[in-house]
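Right, one structure below, let's go through it.
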RNA sequence: GUGGGUGUAGCUCAGUUGGUUAGAGCACCUGGUUGUGGUCCAGGAUGUCGCGGGUUCAAAUCCCGUCACUCACCCCA
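Numbering (this note's numbering), first residue to last: 17 to 460.
Listed below in structure tokens is the structure:
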């Protein structure tokens, strides 16, 4: 029989055990931070109705539709009735909140650690299946700015907990940009275009921005100068706020945005505030954000781009509910972070097994005794495996070493003693007190 | 969707102007006397040279197509 061709499917990453162990550990750290702020877990299905996803501006070509290989007789094959994989966790959240309005307590604080799927062309740091680690706070009617500050704080703490290197968070407020360009006399369409273009400042530079403006007729060179003069502002919070207020822009929306930004920054604890950078060129595309917006990056890894992002939206679920549900949220792109971390060796991959100890088998007749010792070790919290067959001891130790298992235990059924060999040092000695030995392993 | 690059062993890659049975390193397996690993030594297994077609006495090598991977644009975590 011919073997099926094995290959990885582009954009669908999969890790080796030692990498997945690291990923699980990092997910655990983020979860701990999220829960420490009182966010509650939920999980929504991988699929939603296609119509649900399409309603919230998901780009059609990026949505993976789901259908059975063949439709049954009389069954519809229409796209709008079919299922599709969610491309983010915000749209499912909107549906979830709208559906459970009466059962949820508001402000609703939830976290959601799930994979999402996007039908994109993969490239460096871009995947078609990836983890998003989301938090959001949703309110009925009015959501205080303290929520924006809390989400920023939680995001900062989560990135700190990941310990993948120094990070920074660029922050801005949509109202500032809108107000600024309104005060310049730009029409709404031109404002949107200007915002979308200025968002690329980092990538294409000032001259690139000018080129784009020149290609579109709505913005002349003088206007381009004004836009670039103001929007290139990037500075530490205190300094940036001073500059914004010194601009002398007479526009209500602009003032509102600046005041919101100032309030949010003020509410972020000092340690996190040090990592905030006010960046007026941050625009976050053209999606549903309406106020505070932010993007996190790792210092020294600009080519990998944004590792987390989020912001405030005025109305989460307008298409699912007539109640007004403002929210603010953040999402960590874990898969991109993992890819970055492995490539740049920001984390060490270690053991290929959760086991810390292997019990060697000298003789199949002693297996029961070995299993009993293994259970005792496990009861003391130390993951432990028993060799599955009697082999040369050298083989058994090689096996342990290859898996990164640190100790090999030798059970002497006759004398009822156990010796432990630490592979790294080669040191071997009898275990006097199994519980104490296990505590020692757990603390090492 | 658009444009560039690349497809040879599990991995990283050699393969000379087309020329016999396609190679190396790493990894893997066995052994170096039956209860103690990592080194060393000896031996071993491994490929429709991405796929299809064409040119040729002869194709991994040249041509065309196709698929996949990859990088960039778009967009985004």
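Note that CB positions come from ideal geometry on N, CA and C, so glycine has one too.
Run of the alpha helix (DSSP H) containing residue i, from where it starts to where it stops
| i | result |
| --- | --- |
| residue 102 | Counting along the chain, residue 102 falls outside any alpha helix (DSSP H), and DSSP gives it neither H nor E. |
| residue 387 | 383-395 |
| residue 106 | 106-115 |
| residue 428 | Careful: residue 428 lies outside any alpha helix (DSSP H), inside the beta strand (DSSP E) at 423-428. |
| residue 279 | 268-283 |
| residue 259 | 253-262 |
| residue 412 | 409-419 |
| residue 359 | 350-359 |
| residue 249 | From DSSP, residue 249 is part of no alpha helix (DSSP H); its letter is neither H nor E. |
| residue 456 | 450-459 |
Those residues which DSSP pairs with residue i across a bridge
| i | result |
| --- | --- |
| residue 183 | 314 |
| residue 130 | 148 |
| residue 292 | 185 |
| residue 369 | Paired residues: none, contrary to the question. |
| residue 402 | 375 |
| residue 445 | 436 |
| residue 308 | 189 |
| residue 52 | The partner list for residue 52 (beta bridge, DSSP) is empty, contrary to what the question assumes. |
| residue 57 | 127 |
| residue 139 | 142 |
Helix, strand or coil at residue i [DSSP, three-state]
| i | result |
| --- | --- |
| residue 157 | coil |
| residue 31 | coil |
| residue 200 | coil |
| residue 146 | strand |
| residue 124 | strand |
| residue 335 | coil |
| residue 227 | helix |
| residue 325 | strand |
| residue 222 | helix |
| residue 298 | coil |
| residue 363 | coil |
| residue 78 | helix |
| residue 65 | strand |
| residue 343 | strand |
| residue 265 | coil |
| residue 207 | helix |
| residue 235 | coil |
| residue 18 | Because residue 18 carries a pLDDT of 39, less than 50, the predicted location of this residue cannot be relied on, and no value is offered for it. |
| residue 25 | coil |
6 Å CB neighbourhood of residue i in its chain, flanking five on each side removed
| i | result |
| --- | --- |
| residue 180 | 357 and 362 |
| residue 280 | 161, 164, 165 and 308 |
| residue 99 | 63 and 82 |
| residue 446 | 433 and 435 |
| residue 348 | 149 and 324 |
| residue 453 | 447 |
| residue 110 | 332, 333 and 336 |
| residue 437 | 424 and 444 |
| residue 455 | none |
| residue 374 | 401, 416, 421 and 424 |
Cutoff 8 Å; reference residue i; Cβ partners in own chain excluding five residues on either side
| i | result |
| --- | --- |
| residue 200 | 239, 242 and 243 |
| residue 198 | 207, 267, 269 and 270 |
| residue 118 | none |
| residue 273 | 189, 190, 191, 192, 193, 194, 195 and 307 |
| residue 431 | none |
| residue 14 | Since the first residue of the chain shown is 17 and the last is 460, residue 14 is not available in this structure. |
| residue 170 | 49, 50, 53, 55, 151 and 346 |
Contact check, residue i vs residue j, beta carbons under 8 Å
| i | j | result |
| --- | --- | --- |
| residue 327 | residue 313 | no |
| residue 172 | residue 291 | yes |
| residue 148 | residue 101 | no |
| residue 382 | residue 427 | yes |
| residue 440 | residue 422 | yes |
| residue 339 | residue 126 | no |
| residue 296 | residue 247 | yes |
| residue 372 | residue 390 | no |
| residue 113 | residue 153 | no |
| residue 294 | residue 187 | yes |
Residue i - containing beta strand (DSSP E), residue span
| i | result |
| --- | --- |
| residue 435 | 433-438 |
Other residues of its chain near residue i: CB distance less than 7 Å, five sequence neighbours each side excluded
| i | result |
| --- | --- |
| residue 134 | 78, 103 and 144 |
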